[in-house]
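I have placed the structure first, in the form of structure tokens, so that the comments after it can refer back to it.
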Amino acid sequence: PYVDAENRLDFDGMLATLEQIPQGDVVLLHACCHNPSGFDLSKEQWQRVLEVVRERGLLPLVDFAYQGFGDGLEEDAYGVRLMAENLDEVLITSSCSKNFGLYRERTGCLIAIAKDQQQMENVRSQFAIVARENYSNPPAHGSAIVVEILDSADLAANWREELTEMRDRINGLRRDFVDALKPYGLDQQFAHIAEQRGMFSYTGLTPEQVDRLRDEYAIYMVRSGRANVAGLASENLPYVAKAIAAVVK
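Taking this note's numbering, the leading residue of the sequence shown gets 237, the next gets one more, and so forth.
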């Protein structure tokens, strides 16, 4: 469980389920900008997750695909660093598809933290086998682009500035979207959208309401109510708000 029937973060349900997972199992966690829901954990909630993971001897696999799109490059790393600093074993997957715009290059990395050198050698040998069977040699173009940017103080500064602009745009759209629903008395019902982070959001709309938005207003989203917030624009927010009000009321 992660989102409840009222489209809110179900942290108690999540934690209760974590407490039932058998020792040694791998647990997939999203570091930030949870996809598909948009709900992220607070620092206090991350601490409680850490305690359960540590007590039950679970192996966290932290999906870190959206670093920089939530609250900031440093802020988004909180949960990842908490796990890495307090557990003997952690797996972290990081992607450059989003924050570097390198979707076509499939650039990223898998980071493994092991308890000691012997365990790391064991892990390294398995990684080598998996890499060999899957792709043998990874494509170099995307990683070369990232190296070029991060090795240059000027380019790295430009990248951070552009990433901040994109993050601020998305977070601003979230707030403006809720404001656009105020005239229809729906701002409280959809207030969670301003609290969510990342590109995507569980809106709370039903499949039937999503169908009406598509058929009557040419507004598209997944039938689960999952919407791409980044696909909105300030200019069409009034239209989208009016359409949502029509199908909800």
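Where a beta carbon is used, it is the ideal one built from N, C-alpha and C, also for glycine.
* Rounded separation between ASP324 and ILE347 - CA only -> As a first step, residue 324 must be located in the sequence shown, where it is residue number 88. As a first step, residue 347 must be located in the sequence shown, where it is residue number 111. Taking the straight line from one Cα to the other gives about 13 Å.
* Run through the segment 308-357 for me and flag every whole beta strand (DSSP E) of 3 or more residues, listed as ranges in chain order. => 326-331, 344-349
* Asked: According to the neighbour-count rule (16 or more other Cβ atoms, all chains shown, within 10 Å of its Cβ), is ASP240 buried or exposed?
  -> Position 4 of the sequence shown holds residue 240. Answer is exposed; the Cβ neighbour count stays below 16.
* **Contact set for ILE455: own chain, Cβ-Cβ below 7 Å, skip 5 residues either direction** => Here residue 455 is taken as the residue at index 219 of the sequence shown, counted from 1. The residues are LEU449, VAL476, ALA479.
* Asked: Which residues share a DSSP beta bridge with ALA463?
  -> Counting from 1 along the sequence shown, the entry for residue 463 is found at position 227. BP columns for ALA463 point to SER437.
* Inter-residue CB distance, ALA267 and GLY315 (contact presumed, cutoff 8 Å) -> On the sequence shown, position 31 is the one that residue 267 refers to. On the sequence shown, position 79 is the one that residue 315 refers to. Between GLY315 and ALA267 the Cβ distance is about 5 Å, and since that is below 8 Å, they are a contact.
* Go ahead and label GLU280 buried or exposed: buried means 16 or more other beta carbons lie within 10 angstroms of its beta carbon, across all protein chains shown. => By one-based count along the sequence shown, residue 280 stands at place 44. Looking at its Cβ environment, which holds fewer than 16 other Cβ atoms inside 10 Å, GLU280 is exposed.
* To the nearest whole angstrom, what separates the beta carbons of SER278 and TYR238, a pair I think is in contact under 8 Å? -> What you label residue 278 is simply residue 42 of the sequence shown in a count that begins at 1. What you label residue 238 is simply residue 2 of the sequence shown in a count that begins at 1. Rounded to the nearest angstrom, the Cβ distance from SER278 to TYR238 is 14 Å, too far for a contact under 8 Å.
* To do: Return the bridge partner residues of HIS266 from the DSSP annotation.
  => Numbered from its first residue, the sequence shown carries residue 266 at position 30. ASP299, per the DSSP bridge assignment.
* Where GLY344 falls, given that 16 or more other Cβ within 10 Å makes a residue buried -> Position 108 of the sequence shown, counted from the first residue, corresponds to residue 344. Buried, by the Cβ-count rule.
* To do: For LEU245, name the three-state secondary structure that DSSP assigns.
  => The count along the sequence shown starts at 1 and reaches residue 245 at position 9. Strand, per DSSP.
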